[in-house]
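Participant:
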Amino acid sequence: MNLFRLLGDLAHLASIFILLHKIQTTRSCRGISFKTQALYVLVFLTRYVDLFFHWVSLYNFVMKIFFIASSCYILYLMKYRFRPTHDPSLDTFKIEYLLGPCFVLALIFNYHFELAEVLWAFSIYLEAVAIFPQLFMLQRTGEAEAITTHYLAALGVYRALYIPNWIYRYFTEGVVDPIAVVAGIVQTGLYLDFFYVYFTKVLQGQKFELPA
Amino acid sequence: EAPKDNHDEL
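Chains as they are written, first to last, in the working numbering: chain A, 15 to 226; chain B, 723 to 732.
1) Ignoring anything shorter than 3 residues, give me the beta strand (DSSP E) runs that lie fully in the region 189–215 of chain A, in order along the chain.
2) May I ask you to list, following chain order, the residues of the region 16–31 of chain A that have a beta carbon less than 9 Å from some beta carbon of chain B?
3) Could you tell me which chain B residues have their CB closer than 9 Å to the CB of Phe81 (chain A), listed as they occur along the chain?
4) Between Met92 (chain A) and chain B, is there a C-beta pair that is closer than 8 Å?
5) Within its chain, find whatever has a CB closer than 6 Å to the CB of Ser137 (chain A); leave out the 5 residues flanking it on each side and keep chain order.
6) Would you please state the rounded distance, in angstroms, between the beta carbons of Asp105 (chain A) and Phe146 (chain A)? I believe it to be under 8 Å.
7) Span of the alpha helix (DSSP H) holding Val76 (chain A)?
8) Going along chain B, which residues have a C-beta under 7 Å from Trp134 (chain A)?
9) Go ahead and pull the three-state DSSP assignment for Ala168 (chain A).
10) Note down the Cα distance separating Val76 (chain A) from Ala168 (chain A), rounded to an integer number of angstroms.
11) With a cut-off of 8 Å, does the C-beta of Ala194 (chain A) fall near any C-beta of chain B?
12) Could you work out which residue in A:Ile199, A:Ser84 and A:Ile161 is closest to Asn179 (chain A) when comparing CA atoms only?
13) How about Leu732 (chain B) and Phe31 (chain A): do their beta carbons lie closer than 8 Å?
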């Protein structure tokens, strides 16, 4: 564990609490992509199968359980509790285009050709692109509530912090995880456009609006 | 050697 990873994980936690706060206080999941949230559930379920056979640490264990539980809870809120506030006609990204290639990539690029390892690699690739339906929705509506942008910013910060974490680990532990690093850099790159608008508009007190 | 036991990140 190092400071970058700890802060990254805390940003990830923060993003989930921001999202829950947004849904609970506005009593609405407007502006949130159900598809992206469903993909995160799949990401956590496929990545954390090692909960059953590989103990890392109490921290690791608690966080994994929390990510699985909270992502399922968010899905429940969107699907049942606040269902009428979700507009499927805006959430139209075809996730088949993400699931298929990620699965094929996981079959080809993995550390060991066995179920848990293929699922792990799949989850890494899928997490990298899971934000697409959300960004696509943002692009379609062209604007977002401030709190939704804070949620996305926290998610982006979490990913960005994992990069110095890998650099740090390379120098201190000699460890490199090429699958996680390549996918992680791609994933962080997807946030660059968003970050640009977030820093130049939202943090200056303006509304999040994309140029027409 | 691939970091088989190295899935210690979230």
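Cβ coordinates follow ideal geometry from the N, Cα and C atoms, glycine included.
Facilitator: In short, the structure shows the following:
1) none
2) Arg19, Gly22, Asp23 and His26
3) What you label residue 81 (chain A) is simply residue 67 of the first sequence in a count that begins at 1. Within 9 Å Cβ-Cβ: Leu732.
4) Position 78 of the first sequence holds residue 92 (chain A). Met92 (chain A) does not count as touching chain B.
5) The residue labelled residue 137 (chain A) in the question sits at position 123 within the first sequence. Taken in chain order, the residues that qualify are Val57, Thr60 and Arg61.
6) Reading the first sequence from its first residue, position 91 is the one you call residue 105 (chain A). Reading the first sequence from its first residue, position 132 is the one you call residue 146 (chain A). Contact doesn't hold; Cβ gap of about 11 Å is too wide.
7) As a first step, residue 76 (chain A) must be located in the first sequence, where it is residue number 62. It spans Leu72 to Tyr90 - the alpha helix (DSSP H) in which Val76 (chain A) sits, taken as one unbroken run.
8) Reading the first sequence from its first residue, position 120 is the one you call residue 134 (chain A). The answer, in chain order, is His729.
9) Position 154 of the first sequence holds residue 168 (chain A). Correct three-state label for Ala168 (chain A): helix.
10) Stepping through the first sequence from its first residue, residue 76 (chain A) is reached at position 62. Stepping through the first sequence from its first residue, residue 168 (chain A) is reached at position 154. Taking the straight line joining both Cα atoms gives about 20 Å.
11) The residue you call residue 194 (chain A) lines up with position 180 of the first sequence. True, the Cβ-Cβ gap to chain B drops below 8 Å.
12) For the purposes of this step, residue 179 (chain A) is identified with residue 165 of the first sequence, where counting begins at 1. Comparing Cα positions, the closest option is A:Ile199.
13) On the second sequence, residue 732 (chain B) is found 10 positions in, with the first residue counted as 1. On the first sequence, residue 31 (chain A) is found 17 positions in, with the first residue counted as 1. For Leu732 (chain B) and Phe31 (chain A), no; Cβs fall outside 8 Å.
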